[in-house]
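Everything below concerns the one structure shown next.
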């Protein structure tokens, strides 16, 4: 993925501790490369992700935020990812409604055995964000319209 | 202000190869609050840990950040290390700069830069860590084994031996599982029933073991040490306490034409049946789909005939709810369906059978009374063709399984040997890709089949089987002989691939145990923790975790039992201290959190609060039971006022990590 | 001219997926007429003996009945491979397997018209 | 109707059934009716009103009032009763301390709806049954009340009076309002247009917190924006983004609890159409998880605190769907 010098996207990945964090580790153990722009924050379950954290990441200059969790039905806490699924769907819909590019946010279910899928998802997401360019809209949603 | 120590690990060359550890240590040393920063080849080694303890004492550290491998690897180690040095174990944070940094980036500059950022995030988090102490929760001294095959029985026996009560829940009317359908077992050729039935009787008579047969698990709640399981015991329409198992009713029942699942449909049984002679519990069961009395209310022959008066047509499903400290999954396997493999004409000719069906045909208690006869015309077969790897080692996408089913080579060698020994006039061909007999005395067993009993092992595959005028025209390739063979066979036996029992899927969701793409249960660690599921308190025994033969199953059953005994012998478990904690001053008492809590750990109470000008207001506030809460965090997001926060992963900590990463 | 690489590109077959079980050869109805059999196509491609395969007469005996593709447990598609070998042969100068003037000799009353046109398609470049 | 309301209030106070009455009080201007608590029948007769400008939703005040000693009577319009039920569902109101009087509502007007009819120099207005008499410097004007209804009353979703101890007039029925038209219009725009629309609207926000203070669903003991250790505490926005953070987080917090009463837009001094944010979430929730009206009953679980195994994946948004 050609990352030219000027635009280095910052991508925050929230990974649930039981499945996708283990999936990330597995892709590491298999030495599957994905861009260094992705930084992973470990949360106990995908249901721990508060929309505030996603907005805070964008506010602090992140260009893309992805939430990885267990496949529905696989959640260590039985129902965690079902709530996360609803919350993220509404958050993405609201951001899209405000005119923010909807490709900047994504949810992906990655199990502990899917190291390859994790790496592939990160590569694909980085490429999408790289094509989208830096995150301008969320920054200046406030300044005067032309 | 926190006094933080940063320790960057080389992990030999795993990290140091692509991350400049010195630069990372130096960069993190400048972060606010960091008073000590160093690097070392192996932080997790004895000397590495001593270095940490030394630094804690010397620099009076209040927080420790270790940039090393994944926390899933050594979080526990480093927490113990710091605890020994007098630091609260939850004041330690780990930055994963190996699996999520050094191993996945080749360019040293970017990898180092990322390692520094990850380190900063960990430092930002540790600044806001609060010392936590793990609470304890009681352990219910009773185990549950789901599945009554050899795996379940062996696990239950071992647990019962250690003095703990254990329940076996078996879906079928009797325990015993697949092994009861098998004739002889490899490599010793002793008869399956002879070595299994004593264990079944043991299990039945053992006062610590309670067999709940013809029942399925419906609901599982709670967590390790405190599972509450709801079991549905299906109605048998026969009173277990009265029935003596005499079998009179099974002879008199007018409904005769029901395919007998125990013999895989090769013969019929009655509407009221006992699967086989040594069934445990030896109690008749009425099949509601076929019994005319239950369907139309006209018949009742069995209740007239029954001397013990055990028949009760009004019997209802019984719901049993019990508390357990540990659960062992032993749901076993099923051969896959042969329908998609129409090139072998499995559904066109009764003489094309799977290996399990062959077991029944050769078994003394089987439909043909032990003599091998062709299902089509009952004649004695003279040429048999065995086809290996049917559905195994396939592409796995369209049809068949991608894995090797492990047990087929051995049981095919066993079948070939037994047939050649009992009927020397038969010709036996085995078409194989490669024979895999890696166990103890296994290869010698296979060589005996070839050398002593003259079984024709041909490296090649059967391409097509066409049933024609009473014979099966087999067209196969002989790769070593470089020829295409055409054999007129009397019977073709398919070594079908095996897959997990279908009922395992809903069970996995109930137990929050995850499954791999082939629906086998995923173990906590393939090499180091093969008999535990990632969910604490759930253990795996037998083929539900992957294809395996009886010796391995029994070994794994023993291992699972020892893990259960290890768990049940504890009076209490230290539970996860990272639980939710409400801030009562800000709690609205709106019970949003209670609605999303999967464990029901939240209750409400009216508490007095100081109101304006010295009045007291009583307000409804939430309370979390730390022993029940597992720390998932669903409530923290459902709570609008942010009153509910999760210790160890608090809102402020995660926001600090986000800030550190995006800075 | 590196034939192995071109044939892999044309056919899209990955010979490494083959586990040498021989099921394709077992189901091949034209086994007797060929000196190299379907499992050998794959093996020869992966061991670089493609020229030898292109020289053999057997590649024209394949009926493209696709039984080997249907039955292969690893989805290796030997038929697609041999089709690519035939195409590679035809692409060479003047290497048409069936010349136009040879056709009348092969004609028989009951030979369906379709057989001739499909043979021309398969055995000559012009098709 | 005003006389009946005043009579009822006075009668409740004199009979001693209630020690206080929560109703609408004459404000400084005719269109500026403020909520008020009356303790004596005499106060009620002087200051209590029920004019076509009583837009205020009184149920939020019951949180504090129901905790005090003695019973409080409260006059609630149909849309207010939805908030009343929703707050009870969240155990915020002690029902036993409240005597709820439902008041039939013909739809309320406000200054904007009058000026929209380019009436100038308005000095007063009076409701006369079906129509409205407006006094201006240049003479009187009588028009039908329907034309002067405020925006939210035009697409009123229900005239039903829920959980009332007594009703003045009748309790109406739910109406299929086209309240999502504006949301659909916005969704039909391209992302750039939507972004420009919201940038223009949200840039007007002066963080006066009026929308939060009036919203019955936004009634936390201590709001996350006022709480120093919430991590997102901010009074005035430090950077451009924090303005929108406030509105997005607020919309998210009330998701599933907002009864779409429209108070936020009514009180916004900058006339930002804040209800369009909440309505968008309500529309999505109805579309994705089944129609749900907050405060309609006491049992059903709000969509954000519930789930089904078959919920659509978030990619339904990111990979695009017909946003209509």
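Residue numbers (the numbering used here), protein chains in the order written: chain D, 1 to 146; chain Z, 147 to 809; chain U, 810 to 936; chain X, 937 to 1260.
The C-beta atom is built at its ideal place from N, Cα and C for all residues, glycine as well.
For clarity, every value in this text was computed on a predicted model and none was experimentally measured.
Query	Result
Buried versus exposed, by CB contacts within 10 Å (16 or more), residue 898(U)	buried
C-beta contact flag for residue 354(Z) and residue 312(Z) at 8 Å	yes
Residue 484(Z), DSSP secondary structure in three states	coil
Where residue 1132(X) sits in the DSSP three-state scheme	helix
First through last residue of the beta strand (DSSP E) which encompasses residue 812(U)	Run containing residue 812(U): none in the beta strand (DSSP E); it sits in the alpha helix (DSSP H), 812 to 820.
Residue 748(Z) versus residue 1158(X): straight-line alpha-carbon distance, rounded	21 Å
Stretch-stretch touch, CB-based, cutoff 8 Å, three pairs: the region 837 to 849 of chain U with the region 620 to 631 of chain Z	yes
Anticipated Cβ contact below 8 Å, residue 1039(X) with residue 941(X), distance rounded	6 Å
Residues from the region 37 to 62 of chain D in contact with chain X, defined by Cβ distance under 8 Å	51, 52, 55, 56, 58 and 59
Element boundaries [alpha helix (DSSP H), containing residue 257(Z)]	254 to 273
Complete alpha helix (DSSP H) runs within the region 1085 to 1161 of chain X (minimum length 4 residues, chain order)	1087 to 1090, 1117 to 1124, 1127 to 1138 and 1146 to 1150
Any chain Z beta carbon closer than 8 Å to residue 1241(X)	yes
Cutoff 8 Å; reference residue 996(X); Cβ partners in own chain excluding five residues on either side	1019, 1023, 1150, 1151, 1152 and 1155
Beta carbon of residue 22(D) nearer than 8 Å to that of residue 40(D)	no
Reduced DSSP secondary structure (H/G/I, E/B, other) of residue 523(Z)	coil
Any C-beta of chain Z under 8 Å from that of residue 1258(X)	Only weak support is given to the placement of residue 1258(X): the predicted model assigns it a pLDDT of 44, under 50, and the value that follows is read from those uncertain coordinates. With 8 Å as the cut-off, residue 1258(X) does not count as an interface residue toward chain Z.
Given residue 761(U) as reference, the closest of 882(U), 854(U), 860(U) and 888(U) once Cα atoms are compared	A query on residue 761(U) cannot be resolved here, the shown segment of chain U reaching from 810 to 936 and no further.
Which residues DSSP lists as bridging residue 1001(X), in chain order	For residue 1001(X), which the question treats as bridged, DSSP gives no partner whatsoever.
Partners in chain Z for residue 32(D), counting only beta-carbon separations shorter than 7 Å	250
Euclidean distance between Cα positions of residue 469(Z) and residue 292(Z)	14 Å
Residue nearest to residue 833(U) in terms of C-alpha spacing, selected from 536(Z), 562(Z), 606(Z) and 678(Z)	606(Z)
Classification of residue 1234(X) by the beta-carbon crowding that lies within 10 angstroms, buried from 16 upward	exposed
Endpoints, alpha helix (DSSP H) assigned at residue 331(Z)	No alpha helix (DSSP H) holds residue 331(Z); DSSP gives it neither H nor E.
Boundaries of the beta strand (DSSP E) in which residue 624(Z) is found, first to last residue	617 to 624
Residue range of the unbroken alpha helix (DSSP H) whose run includes residue 843(U)	Careful: residue 843(U) lies outside any alpha helix (DSSP H) and carries neither H nor E.
Cα-Cα separation between residue 860(U) and residue 900(U), rounded to whole angstroms	14 Å
Boundaries (first-last residue) of the alpha helix (DSSP H) holding residue 396(Z)	394 to 398
Chain Z contact for residue 831(U) (CB, 8 Å cutoff)	yes
Cβ-Cβ distance between residue 474(Z) and residue 659(Z) below 8 Å	no
CB contact below 8 Å: residue 1056(X) versus chain D	no
Residue span of the alpha helix (DSSP H) that contains residue 691(Z), given as start and end	That residue, residue 691(Z), is in no alpha helix (DSSP H); it is neither H nor E in DSSP.
Proximal residues of chain D, C-beta to C-beta of residue 1130(X) below 7 Å	97, 98 and 99
Residue 83(D) at chain Z interface by Cβ criterion, 8 Å	yes
Proximal residues of chain X, C-beta to C-beta of residue 670(Z) below 7 Å	Those do not exist, as residue 670(Z) stays about 26 Å from chain X at its closest Cβ, beyond 7 Å.
Residue 671(Z) - DSSP class collapsed to helix/strand/coil	strand
CB of residue 1021(X) within 8 Å of CB of residue 1099(X), strictly	yes
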